[in-house]
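Novice: With the numbering used here as the guide, the letters of the sequence shown map in order to residues 97 to 651. The beta-carbon is built from N, C-alpha and C at its ideal position, and this holds for glycine as well. Fair warning: this is a prediction, and the values are worked out from it, not measured in the lab.
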Amino acid sequence: DLYNKLDALPFPTLALVNGFCMGGGVELALACRYRVAVDQPGTRFALPEVMLGILPGWGGVKRLPRLVGPTAALDMLLTGRAVDARRAKRLGLVDEAVPPRIQDNAARMMVLEAPRPRTLPLFQRLMNSGLMRPLVVYLARKQLASRASPDHYPAPYAILELWRKYDGDPFAPRPEDPASVIGLLEGDTARNLIRIFFLQERLKSLGKDSDFKAQHVHVVGAGVMGGDIAAWCAMRGLAVTLQDQSPERLAPAMKRAAELFKRRLRDKSRIRDALDRLIPDVAGDGARHADVVIEAIFENLQAKRELFAKLEAQAKPEALLASNTSSLKLADIGAKFEDPSRLVGIHFFNPVPQLQLVEVVRGTVTGAQIAKRAAAFVRQIDKLPLPVKDSPGFLVNRVLGPYIDQALRMVDEGVAPETLDAAVTAFGMPMGPIELADTVGLDICLAVGKELAGESAEPPRKLAELVAAGNLGKKTGRGFYVWQEGKARKGAARGVTPELTEKLIEPYLKEAQVVVAEGIVADADLVDAGLIFATGFAPFRGGPLNYMKSKRGNS
């Protein structure tokens, strides 16, 4: 009601936005007659309620389509996607995007001049009309269904229904109506997604125990993982040197970095600055000057020991020495160190730009301050640090190992990869175990499997054959699937049953319980958080341990 009163005031009202403007803040700005955004990197507009399983409850669903048109409005409402000041100006969300130095004058002039409100193009006005709105909603639901089931994620469907049936008025639906925010708030999905939000905030806080700030990162190994770690750090504003044995080995990583910068940064000057920060370094001179040195070479214990013998001698005494190992124990890697307390694990996940979690591995002799500085570095580059103990597979690969292994052995038994993947995506996972194995790299899967099960264990037959043939999955273009333009080519899935889904998920759930019992991670909540942000475990279920707890409660 307060926002409606603001909207109805007879004199000019203006929202001057400098910094993050989210949720209710955007709805407050929408209730004003004018909006001016300060054009600087920290200014962002978003309506993220859908990511919490609810919908904007203070008029955003009503006012945003009228201001920017249904196309742009529904994109923001249904995804929670943020836009910067310049994009907000192009959309019509703000009237002006101005430099910080003139923000006050621009706001004052806007109020004094009181320009006429922007008029939507004719087609967008027609889409907003009662006649075309059902068609717009039908098409949006059809597109949405390919990404999210209404049974799993009801909020985006509720937003569409609220706009179609009630013109976006959040107070119009009765509590039992599918478009009611009250109904959403009382549902399991919202409860679990809100819990995940607070778990994410807890992970962020784990990087606040040190004021360490890196200026220069040196990455050794320009493969897919090492190259992408280097690119990510450069994109986040750090100077980065990337080392490998030859310019030819560095070239693919530099190409991927340029593509990442173009995709994420968009602005030509920001892309150029990021490229300038990423320096190819065959000689490895950057190791002497770096604040953080990250080893990201292949999973071979002897090779890592030999490399760290050189890096420990070269690096500054105060520099972090980190391994991105996915399967080897830090204690084994650091056995030949002069000072093994310097070694810490900083384990990223593939694809680096998409997965938020980074495991911060503290070995038995890793210094406490070293681990805290590593967590602070992870937060500095806008990732989520999860402290884990030094144990084979740490948390994520420890849980994924039995899950992927079972699926791979079912392939050996004749079950189609497409069927296995479809059974798991029906559960709510972002991808199935076979596609995940291809994405991670079949060589990595084989190495992690040996580390977890022991060298004497027989690996899945088809996996071993593919690795021996050099078909390592997505990174080579062929694995269990053929990959084209970053996507797996799949045939039809047949024979998907609830029993198959349950069989595939069971090892994942069991291993998550074992990890808690062994104290690899501090508590069950952090296990849930880690597996959601690293593996995409169905967020609407609240994590594997929360899911098992709710199943026991329901039964």
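Is the Cβ-Cβ distance between V122 and L170 less than 9 Å?
Specialist: In this structure, L170 does not lie closer than 9 Å to V122 by Cβ.
Novice: I believe K558 touches D508 by the beta-carbon criterion, under 8 Å. Please report the beta-carbon distance rounded to the nearest angstrom.
Specialist: Going by Cβ atoms, the distance from K558 to D508 rounds to 6 Å, so yes, they are a contact pair.
Novice: If you reduce the DSSP assignment to three classes, tell me which class T593 lands in.
Specialist: In the structure shown, T593 sits in coil (DSSP, three-state: anything other than H, G, I, E or B).
Novice: Among N201, I290, G156, A142, which residue has its Cα nearest to the Cα of G638?
Specialist: Minimum Cα distance to G638 is reached at I290.
Novice: Grab the span of the beta strand (DSSP E) containing S301 for me, first residue to last.
Specialist: No beta strand (DSSP E) holds S301; the alpha helix (DSSP H) holding it covers 284-301.
Novice: Whose CA, out of V536, E297, A618, lies closest to the CA of M321?
Specialist: Out of V536, E297, A618, V536 has the C-alpha closest to the C-alpha of M321.
Novice: Which value, in whole angstroms, describes the spacing of the CA atoms of A467 and G165?
Specialist: Their Cα atoms are separated by approximately 49 Å.
Novice: Output the boundary residues of the alpha helix (DSSP H) element that contains K485.
Specialist: First-last for K485: 480-485, but that is the beta strand (DSSP E), not the alpha helix (DSSP H).
Novice: Do G119 and P266 have their beta-carbon atoms positioned less than 9 Å apart in this structure?
Specialist: Result no, Cβ atoms of P266 and G119 do not sit closer than 9 Å.
Novice: Would you call the CB atoms of L299 and L417 closer than 9 Å?
Specialist: No, the pair does not count as a contact, with Cβ atoms beyond the cut-off.
Novice: Q398 lies in the alpha helix (DSSP H); which residues open and close that run?
Specialist: Counting along the chain, the alpha helix (DSSP H) containing Q398 begins and ends at 397-410.
Novice: Counting C-beta neighbours from all protein chains within 10 Å, is the total for P106 16 or more, i.e. buried, or is it exposed?
Specialist: Counting Cβ neighbours within 10 Å, P106 comes out exposed, since fewer than 16 surround it.
Novice: Starting from L231 and walking both ways along the alpha helix (DSSP H), at which residues does that stretch end?
Specialist: Counting along the chain, the alpha helix (DSSP H) containing L231 begins and ends at 229-241.
Novice: For D486 and L426, which I take to be in contact (beta-carbon distance under 8 Å), what is that distance rounded to the nearest angstrom?
Specialist: The pair is a contact, with the Cβ atoms about 5 Å apart (cut-off 8 Å).
Novice: DSSP on M118, reduced to helix/strand/coil?
Specialist: Three-state result, M118: strand.
Novice: Leaving out the 5 sequence neighbours to the left and right, which residues in its chain are closer than 6 Å to T421 when beta-carbon positions are compared?
Specialist: There are no such residues.
Novice: Roughly how many angstroms lie between the CA atoms of M331 and A370, to the nearest whole one?
Specialist: Those two C-alpha atoms are separated by around 5 Å.
Novice: Helix, strand or coil for D180 per DSSP?
Specialist: In this structure, D180 counts as strand in the three-state DSSP scheme.
Novice: Helix, strand or coil, according to DSSP, for A316 in the structure here?
Specialist: Contrary to the premise, residue 316 reads as Val rather than Ala in this sequence. In the structure shown, V316 sits in a strand (DSSP, three-state: E or B).
Novice: Less than 9 Å between the beta carbons of F490 and V457, yes or no?
Specialist: Going by C-beta atoms, F490 is nearer than 9 Å to V457.
Novice: Does the beta-carbon of N100 have 16 or more other beta-carbons within 10 angstroms, so that it is buried, or is it exposed?
Specialist: Flag for N100 reads exposed.
Novice: Answer with buried or exposed for G380, where buried requires no fewer than 16 other C-beta atoms within 10 angstroms of its C-beta.
Specialist: So G380 ends up on the buried side.
Novice: Could you pull the start and end residues of the beta strand (DSSP E) that V134 belongs to?
Specialist: That run of the beta strand (DSSP E) goes 130-134.
Novice: What do you get for I198, buried or exposed, if any count of 16 or more other CB atoms within 10 angstroms of its CB means buried?
Specialist: With fewer than 16 Cβ atoms within 10 Å of its Cβ, I198 is classed as exposed.
Novice: Going by C-alpha distance, which of L302, G303, L338 is nearest V313?
Specialist: It is L338.
Novice: Is it a yes or a no for the region 278-293 touching the region 350-361, going by three-plus beta-carbon pairs under 8 Å?
Specialist: No: the two stretches stay apart, fewer than three of their Cβ pairs being nearer than 8 Å.
Novice: Can you find at least 3 beta carbon pairs, one from the region 625-645 and one from the region 519-527, that sit closer than 8 Å?
Specialist: Yes: at least three Cβ pairs fall under 8 Å.
Novice: Counting only the same chain and skipping the five closest in sequence on each side, list residues whose C-beta sits under 7 Å from that of R260.
Specialist: Excluding positions up to five away in sequence, the list reads R229, P230, V233.
Novice: Would you call the region 131-143 and the region 109-119 in contact, with 3 or more CB pairs under 8 Å?
Specialist: Yes, since at least three Cβ pairs between the region 131-143 and the region 109-119 fall closer than 8 Å, the two stretches touch.
Novice: Does the region 249-258 touch the region 199-218, meaning 3 or more C-beta pairs lie closer than 8 Å?
Specialist: They do not touch, by the three-pair rule.
Novice: Under three-state DSSP, which class holds E192?
Specialist: Residue state, collapsed to three classes: strand.
Novice: Where V492 and F141 are concerned, what is the direct C-alpha to C-alpha distance, given to the nearest angstrom?
Specialist: Whole-angstrom Cα-Cα distance: 33 Å.
Novice: Could you tell me the alpha carbon to alpha carbon distance between F219 and D363, rounded to whole angstroms?
Specialist: Near 29 Å, if we compare the C-alpha coordinates of D363 and F219.
Novice: When DSSP labels each residue in this structure, what does W328 get in the three-state scheme?
Specialist: If DSSP states are grouped into helix, strand and coil, W328 belongs with the helices.
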